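Written out below as structure tokens is the structure these notes cover.
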Amino acid sequence: MSWLVYRWLLLYGLTLFVFKGCQSLFLRHTQSGKCIAAGSQISDGNKSRSYWAEMVNNCLNVSAQFRYLDTERLQNIKTGGTLASNTNTKKKMKFLNRLFIHYGKNKQGKKFQSSSAHHLKQTDAGSLFLYEVKFCVQPNRSYVDLKKDGCSNVKQNFTFGSVTQYGTKMKDVHCSPKQYMMVKRADYGDFNKTGFFNDENIGTTCSNLTNCQVKSHCDGKRSCELTMDNNLLPSDFCPDTSKEIYTEYTCVDNSSSTIITAEYCLETSKQIYTEYTCVDSDKPTIITAAPKIRLWRSYEGYIQIYDGSRWRFVKDKNWDKNRQKMLCQHLGFNKTDAKDIPGIGQFPSGSEIATGDLICYNTQVSGTSCCTHLVLSTTTSSVNISRVTCKVCDRPILKNVPTFPARFSADGWCASGSTPHLLIDLQKEYHITRVVVMGNRDQTKWSGSYLMTYSHNETYENSQKITGNKNGYQASTTHVDIFNVRFIKIQSSESQNFCLRIELCGEAQMPAPVQDIKIQPSFTSASVTWKLQTSASASSYITHLVIYLNGTEKKRIYRSTEIDIKGLTPYTWYKVEIVTQDGSSQSSNKTASEMFRTKKGSVTNYGTKMENFHCSPQQRIDIKKAVYGDFYKNGKFDGSARIDTKCSALTNCQVKSRCGGMKSCEFTVNENLLPSQYCPDTGKEIYTEYECVDTYSSTTITENLALLITIVQISLY
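Its first residue numbered 2, the sequence shown is counted upward by one per residue in our numbering.
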């Protein structure tokens with residue numbers, strides 16, 4: 002016994018049997034809301050047993066449940082009898098020209114039960130019509146009368162209804178074999194109110210999807226046998242699985258509209274109440290294959306659906322931001338670009354549109370499905386249609402550049418014999434996180450897989466497989482994590498006969514600054530080394546470095562980790578700054594820098610006195626070298642100047658002998674110090690490099706004296 006039945010029996014102590022999920026139909030009077038049921042017994046003999054057809058409030062009572070037999074007769078579930086009329090004048094008084102339920106016991110009784118006089122269908126106006134005997138049924142206070150008044154009175158209107166518990170399957174929800182279902186509504190909610198049927202307590206969100214699903218699966222069919230579970234009603238729309246589905250329908254002879262129906266679906270646990278009507282005549286035109294859906298401009302614009310011959314704009318009667326979100330996700334775009342609906346546009350009279358419901362939702366297999374129920378029409382006046390804006394990603398790179406042929410807003414780039422692959426130059430390097438592809442706009446050509454090769458230069462040495470499209474209208478997204486991407490080549494892994502639209506997502510990479518700068522200064526130069534960031538995730542590929550000295554560009558060099566800076570002034574502070582650049586001439590946002598000071602030194606012009614050449618009282622002078630040459634150019638010191646070799650030998654000896662080991666050094670540079678036979682050019686300078694040391698080695702003095710003796714000996718000759 003179903004939970005719903007058990008609940009009724011506990012509350013009301015009823016001894017009736019309500020079959021699981023009420024999986025059959027009931028006949029509900031439109032005006033009163035009451036249903037036809039097997040009432041009090043009229044007779045019970047050897048031939049048959051008969052009951053009055055009475056109007057009751059509880060449409061879920063088993064006595065009010067019916068089903069169509071293989072013919073056009075309606076059978077009552079509780080009694081097993083057929084809904085019948087009797088036109089026999091001898092028995093008219095017995096049945097008072099009312100509808101009753103007849104159950105045949107013997108051959109004669111069963112013959113009457115199977116009579117074509119009881120064949121019942123529904124008229125276009127909504128009346129229940131015993132068409133062989135030309136009677137329509139019309140309720141009075143308690144019973145159901147038979148009328149011959151044209152069957153167009155609104156008091157005679159009925160709908161067929163069914164309530165299905167979530168998690169169960171619809172059963173005996175159908176029309177006569179001569180007619181087709183036309184679903185009026187299919188809602189989700191709690192339709193049992195204190196033991197009686199109530200169709201007002203519905204859940205709007207789930208009901209929207211329920212309505213679309215039941216209509217798309219059952220409209221235009223003779224019967225509806227859906228399992229109401231999470232495959233049909235997923236939990237993101239229908240999280241409460243304890244309710245029911247109420248389906249209300251009519252039965253009709255013909256369908257007056259062409260209806261596009263499609264399901265790409267999922268599963269849940271409530272009950273579905275479905276209202277429907279039954280119609281006879283030829284089966285209406287219904288498209289059950291999944292239709293092509295697209296947005297006017299790939300990921301934004303109006304919704305379009307292909308009806309088999311042309312694209313039509315879709316007017317969804319209940320469009321909201323949740324439907325927009327799920328449609329975007331179904332089309333391969335995970336987000337919407339706005340919190341609200343981006344707006345509407347007005348279409349003039351004569352526009353070919355499709356009106357109804359288009360609802361997409363998540364499936365259990367990490368995919369999406371859509372339910373559509375759209376009626377085709379040509380507008381006779383202007384109509385408003387909602388626009389949709391989806392978001393490909395937060396950081397699109399290509400951004401619909403007008404000159405790019407494969408942009409999303411274009412018709413698509415197509416391969417040819419001379420150009421079997423698409424080449425892209427991003428102009429700078431990127432970290433790419435997502436590749437989104439679609440076929441051409443007409444949805445006729447696409448590839449199921451791609452190979453993307455890439456590099457920071459044009460070697461295309463790296464590769465990445467890209468998931469292609471399963472159809473033309475859904476974008477396919479491949480999540481990647483690749484760096485230093487500038488030059489890209491994309492080609493199909495399947496065929497050269499394909500078209501492509503593409504968007505890349507990610508952010509531009511910048512060259513990282515150098516690290517760990519180390520400087521070895523001398524008196525007039527400095528050796529500078531550093532480390533480059535070699536991780537592709539941390540930096541674009543560095544191709545050049547710009548060296549600045551005290552704020553002025555010194556040199557631009559190719560990728561390297563060292564440089565020698567010459568021409569510096571002794572005992573002077575300098576600031577070295579290094580800026581990295583990549584192949585697109587982007588420079589690092591941060592500049593790496595380091596301060597240094599050259600070693601001590603002195604420059605003394607010929608003919609002047611050497612001054613300010615000293616150390617602290619605790620230290621001694623250690624001469625490194627003393628040379629003679631032209632160390633001033635354009636008023637600036639040039640440590641790389643050409644020296645006078647012959648004069649420099651004597652100069653080095655003289656300075657070391659006079660100054661080495663001393664606290665200070667002061668002497669005049671003249672003929673006495675540097676005689677003309679060694680230093681004939683008196684227009685230059687002595688350049689001295691020295692250090693101040695705590696301990697001065699005596700061996701240095703000895704060496705200086707030995708050199709001096711050698712020079713004196715030479716001068717004697």
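Each residue gets a CB set at the ideal place from its N, CA and C atoms; glycine is no exception.
Bear in mind the structure is a predicted one, so any value in this text is a computation, not a measurement.
- When DSSP states are grouped into helix, strand and coil, Ser450 belongs to the strand group.
- Between the C-alpha atoms of Gln166 and Ser456 there is a straight-line separation of about 59 angstroms.
- If you draw a 10 Å sphere on the C-beta of Ala187, you find 16 or more other C-beta atoms in it, and that means buried.
- Separation of the CB atoms of Thr599 and Ala627 is rounded to 17 angstroms, and the pair is thereby denied contact status at 8 angstroms.
- Boundaries of the beta strand (DSSP E) around Gln76: Leu75 to Asn77.
- For Asn87, the number of other beta carbons within 10 angstroms of its own is at least 16, and it is reported as buried.
- The Cβ atoms of Ile558 and Ile548 sit closer than 9 angstroms to each other.
- The residue from Val529, Tyr303 and Val376 with its alpha-carbon nearest to that of Asp517 is Val529.
- For Ser33, same chain residues with a beta-carbon under 8 angstroms away, outside a window of 5 residues either side, are Met56 and Pro140 in chain order.
- 9 angstroms or more divides the Cβ of Thr83 from the Cβ of Thr169.
- Comparing alpha carbon positions, the residue from Arg396, Thr478 and Phe409 closest to His432 is Arg396.
- Looking from the CA of Ser370, the closest CA among Phe238, Lys318 and Asn319 belongs to Phe238.
- Taking C-beta atoms under 8 angstroms as the contact rule, Lys106 and Arg50 qualify, at a distance of about 7 angstroms.
- Cβ-Cβ distances below 6 angstroms link Lys519 to Thr530 in the same chain, with the five nearest sequence neighbours on each side left out; the list follows chain order.
- Distances from the CA of Asp695 to each of Asp623, Cys660, Gly636 and Ile644 were compared; the closest alpha carbon is that of Asp623.
- Taken atom to atom, the span from the alpha-carbon of Asn231 to that of Ala539 is near 46 angstroms.
- Sixteen is the threshold: since fewer than 16 other Cβ atoms of the shown chains lie within 10 Å of the Cβ of Asp150, the residue is exposed.
- A Cβ-Cβ distance of about 7 angstroms is found for the pair Ser617 and Cys693, placing them in contact under the 8 angstroms criterion.
- DSSP, reduced to helix, strand and coil, places Arg324 within a helical segment of the structure shown.
- No Cβ-Cβ contact shorter than 9 angstroms links Lys400 with Gln510.
- Straight across, the Cα-Cα distance linking Asp200 with Asp173 is about 20 angstroms.
- The C-beta separation of Gly584 from Asn458 comes to about 7 angstroms, placing the pair in contact by the 8 angstroms criterion.
- Secondary structure at Lys490: strand, using DSSP grouped into helix, strand and coil.
- When Thr356, Glu73, Gln587 and Pro681 are compared, the shortest CA-CA separation from Lys318 is found for Thr356.
- The C-beta distance from Lys185 to Tyr250 rounds to 6 angstroms, short enough to fall under 8 angstroms.
- The region 411 to 426 makes no contact with the region 377 to 394, as fewer than three CB pairs between them are under 8 angstroms.
- According to the DSSP assignment, Arg29 belongs to no alpha helix (DSSP H) but to the beta strand (DSSP E) extending over Phe27 to His30.
- Straight across, the Cα-Cα distance linking Arg502 with Phe409 is about 5 angstroms.
- By the criterion of a C-beta distance shorter than 7 angstroms, Ser526 is surrounded in its chain by Asp565, Ile566, Lys567, Leu569 and Gly640, once the five residues flanking it on both sides are discounted.
- Rounded to the nearest whole angstrom, the C-alpha separation of Val393 and Phe334 is 5 angstroms.
- Counting only runs that start and end inside the region 135 to 210, the beta strand (DSSP E) elements of at least 3 residues fall at 136 to 140, 145 to 148, 159 to 166 and 180 to 190.
- In summary, Trp574 is exposed, with fewer than 16 beta-carbon neighbours lying within 10 Å of its beta-carbon over all protein chains present.
- Gly661 sits away from Ile644, with the two beta carbons spaced by 9 angstroms or more.
- Ranking Arg442, Leu546 and Val486 by CA distance to the CA of Cys500 puts Arg442 first.
- In this structure, Glu578 sits near Leu550, with a CB-CB distance shorter than 9 angstroms.
- Across the structure, Leu505 and Pro240 are spaced so that their CA atoms are roughly 36 angstroms apart.
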